[in-house]
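Accompanying notes for the structure given below.
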Ligand SMILES: [Zn+2]
Ligand SMILES: [Zn+2]
Ligand SMILES: [Zn+2]
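Numbering (the UniProt record's numbering), first residue to last: 1 to 258.
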């Protein structure tokens with residue numbers, strides 16, 4: 001599926017949008033490498049990333065491309081006879097890595113026969129078929145599951161899973177906090193109680209929606225907070241989480257959309 005290549009990238013810490021986060025991340029005390037690891041997110045826009053990849057590929061291809069098939073010294077194209085000889089000499093040879101890269105990047109294009117097209121046109125998208133596809137791609141079975149490391153998957157589409165488990169609209173669960181997503185704050189975070197972003201049980205046992213400030217506090221990322229305050233916030237987080245789970249436990253949310 002083709003992703004839209006936007007020229008902007010969102011900072012996962014403050015949600016501001018930029019063309020590149022390279023300089024901006026310094027404001028949060030982050031280096032690009034640590035940011036990428038912690039948030040599993042891009043530092044440059046998808047469009048920039050695409051351009052970088054393409055430039056790299058073109059560079060590789062230029063370096064390894066076979067010389068133009070022109071008869072030596074004449075500047076004229078090969079004769080039919082010469083072409084046959086070249087083709088015979090090449091048959092059975094493996095594709096070079098550069099060639100493979102070019103194919104996978106779609107640089108060389110690829111032909112879909114009229115028959116294939118006709119068949120594809122006639123595939124019926126019944127509800128049943130949709131459901132089966134969705135089931136086949138849910139959670140761990142999706143090829144972008146990556147062992148639960150993908151933020152998008154563990155939240156689901158539009159934080160689908162979080163909302164199923166913690167309520168819609170999402171609110172900050174920190175006692176006394178009034179932040180509600182879409183009402184008085186643009187977005188509510190998903191805090192990982194044990195601090196491990198890769199620990200994502202689908203029943204939400206390691207998740208807790210928090211506003212940005214209470215999330216930063218609970219993670220110990222607020223410079224103004226003392227160690228005691230951070231520990232108190234974490235203990236509170238566990239407590240409200242346990243209470244919520246006692247009263248509203250949903251079990252695992254396997255699908256990430258309706
Ligand atoms: Zn930011
Ligand atoms: Zn957190
Ligand atoms: Zn809050």
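Idealized CB from N, CA, C, for every residue including glycine.
Please report the residue range of the beta strand (DSSP E) in which residue i lies.
i, result
"residue 189", "189 to 192"
Give me the residue from the options with the minimum Cα distance to residue i.
i, options, result
"residue 231", "224, 220, 240", "220"
"residue 38", "195, 53, 158, 23", "195"
"residue 185", "158, 169, 79", "169"
"residue 9", "237, 117, 30, 43", "43"
"residue 49", "32, 30, 225, 7", "7"
"residue 205", "245, 178, 54", "245"
"residue 238", "95, 193, 228, 252", "193"
"residue 30", "115, 80, 11, 47", "11"
"residue 233", "45, 200, 258, 177", "177"
Per DSSP, residue i is paired with what?
i, result
"residue 267", "As displayed, the chain neither begins before 1 nor continues past 258, which places residue 267 out of reach and without an answer."
"residue 240", "Partner(s): none; residue 240 has no beta bridge."
"residue 180", "171"
"residue 230", "According to DSSP, residue 230 bridges with nothing at all."
"residue 201", "DSSP output for residue 201 lists no bridge partner at all."
Taking residue i as part of the alpha helix (DSSP H), name the residues at either end of that continuous run.
i, result
"residue 160", "160 to 166"
"residue 94", "Where residue 94 is concerned, there is no enclosing alpha helix (DSSP H), given that its DSSP letter is neither H nor E."
"residue 35", "32 to 39"
"residue 81", "80 to 90"
State the DSSP-derived secondary structure class of residue i, mapped to helix, strand or coil.
i, result
"residue 46", "helix"
"residue 17", "strand"
"residue 223", "coil"
"residue 10", "strand"
Are the C-beta of residue i and some C-beta of chain C separated by less than 9 angstroms?
i, result
"residue 199", "Looking for chain C here will not work: only one protein chain is present."
Segment contact, 8 angstroms Cβ cut-off, at least three pairs: the region 208 to 222 with the region 168 to 179: yes
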